[in-house]
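Asker: Before anything else, here's the structure in question.
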Ligand code: NDP
């Protein structure tokens with residue numbers, strides 16, 4: 001049984017109340033860790049530590065220290081790929097092969113932002129210069145689906161910008177975020193610049209989002225929680241970045257490479273058991289290709305190997321008993337609303353929280369399984385008659401995070417991409433998020449963009465100096 005305390009001001013500290021919570025292995029349902037559960041007072045002390053560290057100015061004014069810390073943290077991560085990947089899989093359930101790829105990806109990400117630590121300035125004309133300055137104390141609130149990656153998406157730009165940060169991981173998957181706190185200390189990060197506080201969202205997250213001593217909150221999670229964070233952040237008009245839910249349309253055109261598009265559709269929805277904000281949860285097929293595509297899609301899906309993440313299957317468990325029940329509830333909605341269940345649809349008795357990869361055909365756009373984010377391995381297939389109808393269905397959602405177009409005619413695919421109301425559109429691929437390209441959503445999928453210089457700027461204030 002692992003034990004973790006809070007990481008505040010460069011050291012491990014008990015929660016003041018000594019309260020703890022348990023973390024389960026989703027592949028077995030067994031308890032794997034006992035974690036300190038912070039209350040509002042603990043959270044305030046992390047905010048104070050971050051404020052003192054930021055006000056001290058050494059960090060915000062020393063870009064070479066920031067670069068060196070980010071580079072060193074990346075080096076330390078690379079030395080610990082196996083251990084961190086094991087912890088990530090134990091905690092989240094993802095296949096270990098993916099976890100082993102993510103750790104070096106995160107190291108790359110820190111190295112990329114190490115190259116962006118120099119202060120930014122733009123000369124507009126002979127009078128006007130724009131300077132970008134650190135926003136101050138930033139809070140990062142993250143979900144459970146890709147814990148290490150989500151932690152890095154908050155920490156790297158915040159620290160490169162010169163801010164101090166308090167990170168609040170999900171209570172379901174806090175382990176690798178806590179490990180990162182200590183790794184940054186070993187990399188030379190000054191005390192208080194990076195704090196990791198665990199505990200419930202309605203206490204720790206809400207204190208961070210509402211505190212007048214926090215200047216920015218970057219949130220990734222569900223849309224309903226994102227709205228609450230925005231409401232709390234209004235108290236001191238915090239800067240906000242919200243990366244919320246999605247119901248992404250994966251559009252196959254009649255001239256698509258069938259084999260690639262089938263594999264792409266399976267990866268789009270079943271990667272990480274569908275627990276990805278960009279999951280291709282709505283597959284749009286042309287009438288002319290429908291029957292052939294479905295036959296191959298079902299066959300490909302039935303080939304997926306399910307199992308404990310540690311055995312490196314194609315698909316692991318879902319995160320919790322609660323998520324498993326949510327998936328099952330949506331499967332019932334699909335059946336009740338008249339969609340045709342053509343594959344999967346059941347829970348699997350494999351010891352942990354396993355849901356069969358599930359496909360519904362004959363889905364109509366107004367059904368709940370076509371409108372609501374399930375965040376599990378459940379695919380809704382909708383059929384369209386022409387391009388106009390495909391675009392109409394793709395945009396018929398309150399979300400706008402991502403989507404894809406599969407076609408051998410790239411200009412046709414780009415034309416459709418340009419009419420899709422989503423923050424990322426892939427062509428003949430799915431799920432890539434290059435570190436230098438903006439990531440974020442239209443509509444209720446969020447506010448602002450992460451990654452690249454776009455993400456960096458969200459942790460910076462803009463100052464215009466006008467000199468005559
Ligand atoms: P939640 O919205 O439930 O939680 C996200 C984080 O917010 C957790 O750390 C949670 O803490 C915290 N939280 C909960 N309540 C509050 C509150 N009142 N104030 C502040 N913080 C709070 O999402 P999940 O963890 O269930 O993750 C799944 C969701 O995340 C999906 O909707 C998915 O689409 C979205 N997501 C979006 C991504 C994007 O980039 N757009 C990427 C990945 C996921 P705790 O759970 O510990 O109580």
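Numbering (our numbering), first residue to last: 1 to 468.
Note that CB positions come from ideal geometry on N, CA and C, so glycine has one too.
Note that the structure is a prediction, hence the values are computed from the model and not measured.
Between which residues of its own chain and residue 420 is the CB-CB distance below 6 Å, once the five residues before and five after are set aside?
Answerer: Closer than 6 Å at the Cβ level, and outside the excluded window around residue 420, lie 394, 403.
Asker: In angstroms, rounded to a whole number, what distance separates the CA positions of residue 32 and residue 91?
Answerer: Roughly 8 Å separates the two Cα atoms.
Asker: Taking residue 393 as part of the beta strand (DSSP E), name the residues at either end of that continuous run.
Answerer: Careful: residue 393 lies outside any beta strand (DSSP E), inside the alpha helix (DSSP H) at 387–394.
Asker: Could you give the distance in angstroms between the alpha-carbon of residue 212 and the alpha-carbon of residue 234?
Answerer: C-alpha separation (whole angstroms): 10 Å.
Asker: Does the pairing of the region 234–243 with the region 80–100 give three or more beta-carbon distances under 8 Å?
Answerer: Contact fails: fewer than three Cβ-Cβ distances are below 8 Å.
Asker: Only counting the same chain, and skipping five residues up and downstream in sequence, which positions put a Cβ closer than 8 Å to that of residue 15?
Answerer: If we look at residue 15 and ignore the five residues flanking it on each side, its Cβ neighbours are 5, 6, 36, 37, 38, 39, 42, 199.
Asker: Could you name the residues that DSSP lists as bridge partners for residue 466?
Answerer: Its beta-bridge partners are 128.
Asker: Hey, residue 215 and residue 137: beta-carbon distance below 8 Å or not?
Answerer: Yes; because the gap between Cβ atoms is below 8 Å, this pair is in contact.
Asker: In or out: residue 192 buried (at least 16 other Cβ within 10 Å) or exposed?
Answerer: Answer is buried; the Cβ neighbour count reaches 16.
Asker: Is residue 205 close to the ligand NDP? I mean its beta-carbon at under 7 Å from any heavy atom of the ligand.
Answerer: Checking every heavy atom of the ligand NDP against the Cβ of residue 205, one is found closer than 7 Å.
Asker: May I ask whether a heavy atom of the ligand NDP can be found less than 7 Å away from the beta carbon of residue 426?
Answerer: No, Cβ of residue 426 sits at least 7 Å from all heavy atoms of the ligand NDP.
Asker: For the region 67–77 and the region 162–175, state whether three or more C-beta atom pairs, one from each stretch, are separated by less than 8 Å.
Answerer: Contact between the region 67–77 and the region 162–175 is absent, because fewer than three Cβ pairs lie under 8 Å.
Asker: Which full runs of the beta strand (DSSP E) of 3+ residues lie inside the region 214–269, going along the chain?
Answerer: Entirely contained in the region 214–269, the beta strand (DSSP E) runs reaching 3 residues are, in chain order, 216–220, 239–243, 249–252.
Asker: Note down, in chain order, each residue of its chain lying with its Cβ closer than 6 Å to the Cβ of residue 29, except the 5 sequence neighbours on either side.
Answerer: Excluding residues within five positions, the ones whose Cβ falls inside 6 Å are 352.
Asker: Just the Cα atoms here: how many angstroms apart are residue 272 and residue 145?
Answerer: The alpha-carbon atoms of residue 272 and residue 145 are separated by roughly 8 Å.
Asker: Kindly give me the distance between the Cβ atoms of residue 361 and residue 381, rounded to whole angstroms, as I take these residues to be in contact under 8 Å.
Answerer: About 5 Å; that satisfies the 8 Å criterion.
Asker: In the DSSP assignment, the beta strand (DSSP E) including residue 75 goes from what residue to what residue?
Answerer: Per DSSP, residue 75 belongs to no beta strand (DSSP E); it is in the alpha helix (DSSP H), 63–79.
Asker: Does the contact criterion of 3 or more C-beta pairs under 8 Å hold for the region 361–376 versus the region 328–335?
Answerer: Yes, the region 361–376 touches the region 328–335.
Asker: Counting only runs of 4+ residues fully inside the region 85–151, write out the alpha helix (DSSP H) ranges in chain order.
Answerer: Listed in chain order, they are 96–114.
Asker: For residue 157 and residue 150, which I take to be in contact (beta-carbon distance under 8 Å), what is that distance rounded to the nearest angstrom?
Answerer: Actually they do not touch by this definition, with Cβ atoms about 13 Å apart.
Asker: Taking only three categories from DSSP, how would you classify residue 324?
Answerer: In this structure, residue 324 counts as helix in the three-state DSSP scheme.
Asker: So does residue 209 have its beta carbon nearer than 7 Å to some heavy atom of the ligand NDP?
Answerer: Correct: residue 209 has its Cβ closer than 7 Å to the ligand NDP.
Asker: By how many angstroms is the C-alpha of residue 305 removed from the C-alpha of residue 254?
Answerer: Using only the alpha carbons, I get a separation of about 29 Å.
Asker: Do you know whose CA, among 152, 190, 132, 124, lies nearest residue 111's CA?
Answerer: It is 152 whose Cα lies nearest to the Cα of residue 111.
Asker: Less than 7 Å between the CB of residue 154 and some heavy atom of the ligand NDP, yes or no?
Answerer: Checking the Cβ of residue 154 against the ligand NDP gives no.
Asker: Can you give the Cα-Cα distance for residue 61 and residue 161, rounded to whole angstroms?
Answerer: Those two C-alpha atoms are separated by around 10 Å.
Asker: For the alpha helix (DSSP H) holding residue 44, just list the boundary residues, first then last.
Answerer: First-last of the alpha helix (DSSP H) with residue 44: 40–55.
Asker: Measure the C-alpha to C-alpha separation of residue 475 and residue 74 and round it to an integer number of angstroms.
Answerer: Residue 475 falls outside the range modelled here, since the chain spans only 1 to 468, and no answer is possible.
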